[in-house]
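A short worksheet on the structure shown next.
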Amino acid sequence: MELKIISKKGEPLLSRVKIDSEITFEKATPSINDIKDNIASQLGKDKGLIAVKGVYNEYGLRKARGTAYLYDNEEMFKRFESKKEKKKDDKGAKQEEAPKEKK
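Under the numbering used here, the residues of the sequence shown are numbered -9 to 93, in order.
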């Protein structure tokens, strides 16, 4: 897998950098962990501060476009990226409460 960073755009209010990349690969589309590792090694940052938002394949080619965010610190990462996990947990809790006994 080869990952080429196309653009980096700073978002200072959110304490992060948006990274657009082009990914070329031989076999299957690379996993999100592989992409995080590659971005972290190229930028010299911790992979725990990277959130991959999407990998978009091009039909019939061994290429993909990727979008990721690199956060400045762990606090901001948790603030913006843990909301998805909370929403999933809330949905699971509602589903468990839904079946009530009829009287």
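Backbone N, C-alpha and C fix where the C-beta goes; we use that ideal spot for every residue, glycine too.
As the structure is a prediction and not an experimental result, all values here were calculated from the model.
- Looking at the DSSP output, Lys(-2) sits in a beta bridge with Ile9.
- Beyond the five residues adjoining it in sequence on each side, Val7 comes within less than 6 Å, by CB distance, of Lys(-2), Gly0, Leu60 in the same chain, given in chain order.
- Here DSSP, grouped into helix, strand and coil, assigns Gly44 to strand.
- Between Glu71 and Ala30, the alpha-carbon positions lie close to 18 Å from each other.
- Within the DSSP bridge table, the entry for Tyr61 names Arg6 as partners.
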